[in-house]
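S.K.:
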Amino acid sequence: MRKRKIYLCLALTSSLLLAEDDISHKNESVNLEKVEVVSIVESNEALKVISNPKNPIQPIPASDGADFLKNIPGFSIVRKGGTDGDPVFRGMSGSKVGILVDGQEIYGGCGGRMDPPTAYVFPEAYDSVVVTKGPQSVLFGSGFSAGVVEFKKKNKYYPKPDYNIYSSFKQGSFGRSDQFIDISGGDTKGYGQLIATRSHSNDYKDGNGDTVNSEYTRWNTSLALGYTPTDDTTIEISGSKGDGEAKYADRAMDASKLLRENIALKVIKYDLSKNIEQLEMQIYHNYVDHIMDNYSLRPATSYSAMNPDRKTTGGSLKFTTIIPSLSLTNMSGIDFKNDIHTGRSAMMKTSASSANDAMFSAHRLTDFDFSQVGIFNESTYDINEKERIIAGIRIDDHEVLDNRQKLGMTPILNPNYLKTDEATLKSGFIRYESKIPENGFSYYTGIGHSERFPDYWERTVFNTITQYQDFIPRPEQTNQLDIGANFVNGNLSSSVSLFYSKVNNYIQTRWYMPNGSTNVPQKVNNVDATLYGGEISTSYKIGNNYKLIGALSHVLGENDTDNKPLAQQPPLEMKLSAIYDDNKYSAGILARFISKQDRYDIGNGNIVMNGADKGETPGAAVFSVNGAYKYNKNITFSTGVDNIFNKVYTEHLNRTDASSSLAFLTQEKINEPGRNIWFELKTTF
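Quick note on numbering: the sequence shown equals residues -19 to -1, 1 to 666 in mature numbering (1 follows the signal peptide of the UniProt record, and there is no 0).
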């Protein structure tokens, strides 16, 4: 990477996030409110939603990261089959939404997004999932304009010898079968943790009884070993390995390999001096090896396979300092990553064995090599006990080398071969927060700016008519206003989070024309866009055992350049739930109401393959019920029926171009699962 001087300006204030990073003391865990068997997760903090992935939720507990996130108001997923959906937050997807796995960035290998980052996340293996909305932090990486999702593990320290064994077992309709075990233990000198997980489902059926190509099997194991020479020092080395396969209903290939390998080193030191509260260093390496083909999991007459892989190496160094005399807390640091994508393939062979032989004997060719280095500072200034200002600034150096000699699988030479695209991008925010504790009321107003470097997928689409890479997208620039309030008083709690965003150089993809013709240039282009909307959540306790919960989410997007709706935007959605819970038995009903989406831009969409608007999508109302029995403090049994009336419906954010070689009828959109009965047993000792 080229070298540049990057000057960091100290910003006033920190973030509420500092409290969530265990900076006050490593033995403190994230304070998670109990989440009953229901799909609405409550937020009690400014711009944050905090949830416990080990608690049961409805619909059926998640198989991957995106499956979990869709239960949080504001999130949607682009369905591809039974797993590996692409998360969308407030109408923004891809690298606009940051996904951090225990502080690490990970990227999938597939050029068509078969395996987004969340495909390699097993939610139950983490202690909390924290969503930070909008460009209102600079701590987590570059360009995450929609927000950041952290799948977090809390820091461990054992003041005396102890151990814990946590397990869960799920069974459900369509052959769903999951197993999970987490064994951990240690003493004052160190600890160890071993996690193993497996998830499987057969093809599901929609409300019509039609089979959807959606079978999958996934497994993962991880091991962490920690050394704690003192109660304020932790040195941890960790590693994981997982694999799987998945069938898809939206394309002509399936994933026959979804391998991920990871190794990481983390060092945390507390109370270095009077003013240095914490030092944290992390180095990691993630490797993804992915095979997609049209013959391992479906019938074929001509045999093709592709084998991309991706190596992401990164790290960070963070200092947390305090200046009590100025009522100031700072978190400063540097992070970096290098991301290399390669591929090989074998197309149109006469048999599966010949395709495998040709692919595995081929040399891997690097197509893109990304590098990034960023420095940041985020500070909190306490005006008084009730008011504070949080602000931050971040500067990132980006560079990508285009190593493609040819465009795609064509014989056309790449005019950008061995050319480098570079940019220095800036992000920042400032936010005012105030609280009136006697009334349980708090509110905030923030302004944020984020600049995002075009990602791998946005750089690989080329003009399918001229076979020419005639456009390199410019970096996105997002300017966003966030306002909101939280209210907790007695039995009533509410949260309102609203945003208004202007995006210059918004990157969108055209997959086909409004008349359905694909005989037009596929292309990526920059437009100016406006997005606004938000989320509202409310819960009300009735007596000691009953609770009513409601959540509303909506976003409107406008393509200002072309004066038409912005493509691939989710519709208005509302969730209502009634819960009974006496700490031994619980029961609930969940109603999900989806408005029709009549704002669309046919043929345009996001980086997910075929992720384009097809037209209007009708609304739907889906009802589910659940129940749980807590045998004792160690054993809990829960059950549910999702889509109890077997409703036939489809989400707006999906589309299929699947091969007609499939044994079932393909549709323009993938229907959601029909009635789904599931059971879950959790134990902890």
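Note that beta-carbon positions come from the ideal geometry of N, C-alpha and C, so glycine has one too. It should be emphasised that the depicted structure is a prediction, and the values quoted were computed from it without experimental measurement.
Look at the Cβ atom of S203, then the Cβ atom of Q174, and state whether they are nearer than 9 angstroms.
M.R.: yes
S.K.: Please classify E554: does DSSP put it in a helix, a strand, or coil?
M.R.: strand
S.K.: Among the residues of its own chain, which have a CB less than 7 angstroms from the CB of L253, if the five just before and after it don't count?
M.R.: L260
S.K.: Thinking just about the alpha-carbon of each residue, which of A27, R94, T294 is nearest to the one in V112?
M.R.: A27
S.K.: Name the DSSP beta bridge partners of H271, please?
M.R.: L239
S.K.: Is W659 helix, strand or coil by DSSP?
M.R.: strand
S.K.: May I ask you to list the residues that DSSP assigns as paired with R455?
M.R.: According to DSSP, which records beta bridges pairwise, R455 is partnered with nothing at all.
S.K.: Closer than 8 angstroms: is that where the CB of K522 sits relative to any heavy atom of the ligand ZN?
M.R.: Judged by which ligands are present, the structure shown has none, so any question about the ligand ZN falls away.
S.K.: Measure the C-alpha to C-alpha separation of L547 and D579 and round it to an integer number of angstroms.
M.R.: 12 angstroms
S.K.: Are D463 and T426 closer than 9 angstroms when you measure CB to CB?
M.R.: yes
S.K.: Determine whether the beta carbon atoms of V622 and I575 lie at a separation below 9 angstroms.
M.R.: no
S.K.: Counting C-beta neighbours from all protein chains within 10 Å, is the total for P34 16 or more, i.e. buried, or is it exposed?
M.R.: buried
S.K.: In angstroms, rounded to a whole number, what distance separates the CA positions of D168 and I146?
M.R.: 16 angstroms
S.K.: Mark T598 as exposed unless 16 or more other C-beta atoms lie within 10 angstroms of its C-beta, in which case mark it buried.
M.R.: With 16 or more Cβ atoms within 10 Å of its Cβ, T598 is classed as buried.
S.K.: Where does S74 fall in DSSP's three states?
M.R.: strand
S.K.: Starting from A532, follow the alpha helix (DSSP H) in both directions and report where the run begins and ends.
M.R.: Premise fails: A532 lies in the beta strand (DSSP E), 527 to 540, not in any alpha helix (DSSP H).
S.K.: Measuring straight from C-alpha to C-alpha, what distance separates N506 and F618?
M.R.: 51 angstroms
S.K.: Let me make sure I understand the geometry here. Which of I303, A339, T310, L298 has the alpha-carbon closest to that of residue 676?
M.R.: Nothing can be reported for residue 676, as the shown portion of the chain is limited to -19 through 666.
S.K.: Kindly identify the DSSP beta-bridge partner or partners of S474.
M.R.: V469, S520
S.K.: Per DSSP, Q85 is paired with what?
M.R.: V82
S.K.: What residue range is occupied by the uninterrupted alpha helix (DSSP H) comprising M390?
M.R.: Run containing M390: none; DSSP gives neither H nor E here.
S.K.: Let me check understanding here. Comparing Cα to Cα, which of N243, T301, S352 lies closest to M262?
M.R.: T301
S.K.: Just how far apart, CA to CA, sit T310 and L120?
M.R.: 14 angstroms
S.K.: If you check the beta carbons only, do G421 and F468 fall under 9 angstroms apart?
M.R.: yes
S.K.: Taking 9 angstroms as the CB-CB cut-off, is G389 touching chain B?
M.R.: The question asks about chain B, but that chain is absent: this structure has only one protein chain.
S.K.: DSSP on R412, reduced to helix/strand/coil?
M.R.: In the three-state scheme derived from DSSP, where H, G and I count as helix and E and B as strand, R412 is classed as strand.
S.K.: Please report the residue range of the beta strand (DSSP E) in which L50 lies.
M.R.: Taken as a continuous stretch (DSSP letters only), L50 belongs to no beta strand (DSSP E), being part of the alpha helix (DSSP H) at 46 to 50.
S.K.: With D338 as the anchor, note down where its alpha helix (DSSP H) starts and where it stops.
M.R.: From DSSP, the alpha helix (DSSP H) with D338 extends over 333 to 342.
S.K.: Helix or strand or just coil, what does DSSP make of T209?
M.R.: Here T209 sits in coil by DSSP.
S.K.: From T631 to A602, what does the alpha carbon distance come to, in whole angstroms?
M.R.: 11 angstroms
S.K.: Are I570 and N607 close, meaning C-beta to C-beta below 9 angstroms?
M.R.: Closer than 9 angstroms, so yes.
S.K.: List the whole-angstrom C-beta distance separating G62 from Y229, where the pair is believed to meet the contact cut-off of C-beta under 8 angstroms.
M.R.: 4 angstroms
S.K.: Could you name the residues of the same chain whose beta carbon sits closer than 6 angstroms to that of H379, not counting the 5 residues immediately before and after it, in chain order?
M.R.: Excluding sequence neighbours, H379 sits near Q353, A404, F434.
S.K.: What does the Cβ neighbour count give for V18, buried or exposed, with the cut at 16 atoms within 10 Å?
M.R.: Confidence at V18 is low in this model, with a pLDDT of 45, below 50, so the placement of that residue should be treated as unreliable; the coordinate-derived value is given next. Buried: at least 16 other Cβ atoms inside 10 Å.
S.K.: Assuming V536 contacts R71 (C-beta within less than 8 angstroms), just tell me the rounded distance between them.
M.R.: 5 angstroms
S.K.: Please name the residue in E86, D67, I164 whose C-alpha comes closest to that of A106.
M.R.: I164
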